[in-house]
Amino acid sequence: MSDKPAKGINGYAVARLDLQREPLHAMTATEVLPSLEEVESSTTAPHRIDAPDIDEVDELQRPWQVVVWNDPVNLMSYVVYVFRKLFGFPEEEATRLMLAVHHEGRAVVASGPREKSELDCYRLHHHGLWATLEKA
Amino acid sequence: MSVHFRRRDGSIEVALTAQERAVLHTLPESLENLGMSDADPAAARLHPPAYPDDPAADAYFREMIEGDLAKARAADRSRFAETVDAGSMSDDDAQMWLRVLGDARLTLAARMGIEQEGWEDDRSLAESRDGAMLHYLGYLQDALIQVLSPAL
Numbered sequence: 024m025s026d027k028p029a030k031g032i033n034g035y036a037v038a039r040l041d042l043q044r045e046p047l048h049a050m051t052a053t054e055v056l057p058s059l060e061e062v063e064s065s066t067t068a069p070h071r072i073d074a075p076d077i078d079e080v081d082e083l084q085r086p087w088q089v090v091v092w093n094d095p096v097n098l099m100s101y102v103v104y105v106f107r108k109l110f111g112f113p114e115e116e117a118t119r120l121m122l123a124v125h126h127e128g129r130a131v132v133a134s135g136p137r138e139k140s141e142l143d144c145y146r147l148h149h150h151g152l153w154a155t156l157e158k159a
Numbered sequence: 253m254s255v256h257f258r259r260r261d262g263s264i265e266v267a268l269t270a271q272e273r274a275v276l277h278t279l280p281e282s283l284e285n286l287g288m289s290d291a292d293p294a295a296a297r298l299h300p301p302a303y304p305d306d307p308a309a310d311a312y313f314r315e316m317i318e319g320d321l322a323k324a325r326a327a328d329r330s331r332f333a334e335t336v337d338a339g340s341m342s343d344d345d346a347q348m349w350l351r352v353l354g355d356a357r358l359t360l361a362a363r364m365g366i367e368q369e370g371w372e373d374d375r376s377l378a379e380s381r382d383g384a385m386l387h388y389l390g391y392l393q394d395a396l397i398q399v400l401s402p403a404l
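Chains as they are written, first to last, in my numbering: chain A, 24 to 159; chain B, 253 to 404.
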């Protein structure tokens with residue numbers, strides 16, 4: 024077994040978890056706080072571990088956005104088709120998003136957890152669309 | 253209604269001339285040698301940065317997906333080559349055609365240096381070999397989309 028994380032989009036979530044890039048708020052109190060034995064056997068006074076402040080938690084919980092950028096080559100009809108196919112949008116919503124991309128240069132087409140957003144970005148790249156990821 | 257593609261029962265009928273099929277046969281090979289090199293504008297266009305402002309995250313993302321993306325595109329190309337001469341195709345194959353036609357257009361446009369809208373109205377471009385190809389592949393892609401969309 025290689026010690027590198029498994030390649031491939033399907034093994035991606037696992038690789039992320041291995042790298043402990045999960046947000047801190049997912050940790051429980053027992054993981055954060057020292058156990059009683061650790062405290063008792065410690066020669067130094069236990070120091071208080073502050074819970075992350077509210078702003079930090081908000082920052083970590085903010086979802087990721089998938090952004091599609093305008094490009095001068097892909098057909099409008101193709102962009103609408105891809106939005107409908109990949110995200111299941113009704114035709115009107117897919118058309119609205121395509122026009123936002125066309126006139127404003129970009130549009131957010133999906134948002135959610137990082138792993139899901141990266142998979143969406145991959146699928147858009149496979150379909151030739153210019154997609155990027157950013158924090159919401 | 254397109255003269256090239258028509259929905260019939262569960263599949264899509266394809267009516268292309270021998271010359272058209274000969275042109276389409278050149279697409280898989282033209283897409284095959286695209287590496288990940290940023291020096292090739294076409295390769296760069298087909299692999300946009302997922303995290304343009306975070307090189308470390310972007311490199312990580314690329315490493316994770318590049319194998320799958322290359323495999324998916326290779327499967328598209330080889331299936332496209334198998335279906336270029338077919339008289340009819342499934343919806344799945346037609347969707348794959350959209351991707352191959354699209355990748356071929358993006359590749360062509362990137363190598364022609366097209367970065368701005370408005371090229372569609374450039375007559376001398378449309379009369380050039382590459383420009384005519386860009387228009388033709390777009391026409392085919394759109395015709396196929398018209399046939400596929402009602403089934404979405």
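Where is the CB? At the ideal position from N, CA and C, for every residue including glycine.
Contacts between residue 371 of chain B and chain A, judged by CB atoms closer than 8 Å, involve 95 in chain order. Contact between residue 144 of chain A and residue 154 of chain A holds, with the beta-carbon distance rounding to 5 Å and staying under 8 Å.
Taking 7 Å as the Cβ-Cβ cut-off, the region 120-150 of chain A approaches chain B at 141, 144, 145, 148, 149 and 150, given in chain order. Counting the other CB atoms within 10 Å of its CB gives residue 328 of chain B a total of 16 or more, which places it among the buried residues.
Residues are counted here when their Cβ sits less than 9 Å from a Cβ of chain A; for the region 375-401 of chain B these are 386, 390, 393, 394, 397, 398, 400 and 401, given in chain order. With respect to the 8 Å criterion, residue 298 of chain B and residue 358 of chain B are classified as neighbours on the basis of their beta carbons.
For residue 257 of chain B, the three-state secondary structure derived from DSSP is strand. Around the beta carbon of residue 346 of chain B, 16 or more other beta carbons lie within 10 angstroms, which makes this residue buried.
Contact of residue 107 of chain A with chain B by beta-carbon distance below 9 Å involves 401 and 404.
Using a Cβ distance threshold of 8 Å, residue 378 of chain B and residue 293 of chain B do not count as a contacting pair. Looking from the CA of residue 343 of chain B, the closest CA among B:404, B:312, B:277 and B:283 belongs to B:404. Burial is judged here by how many other beta carbons sit within 10 angstroms of a residue's own beta carbon; residue 141 of chain A has at least 16 and is buried. For residue 366 of chain B, the nearest beta carbon of chain A is closer than 8 Å to its own beta carbon. Annotation: Cβ neighbours of residue 154 of chain A in chain B (cutoff 9 Å, chain order): 300 and 302. Here residue 151 of chain A is buried. Its C-beta has 16 or more other C-beta atoms within 10 Å. Of the candidates B:337, B:350 and B:402, the residue whose Cα lies closest to the Cα of residue 101 of chain A is B:350.
For residue 358 of chain B, the C-beta contacts it makes with chain A under 9 Å involve 94, 96, 97 and 151, in order along the chain. Within chain A, 141 have C-beta atoms less than 7 Å from the C-beta of residue 313 of chain B, given in sequence order. In its chain, beyond the 5 residues on either side, 154 have a beta carbon closer than 6 Å to the beta carbon of residue 147 of chain A. Residue 116 of chain A: member of the alpha helix (DSSP H) spanning 114-127, first to last residue. For residue 130 of chain A, the pairing in a beta bridge is given by DSSP as A:91.
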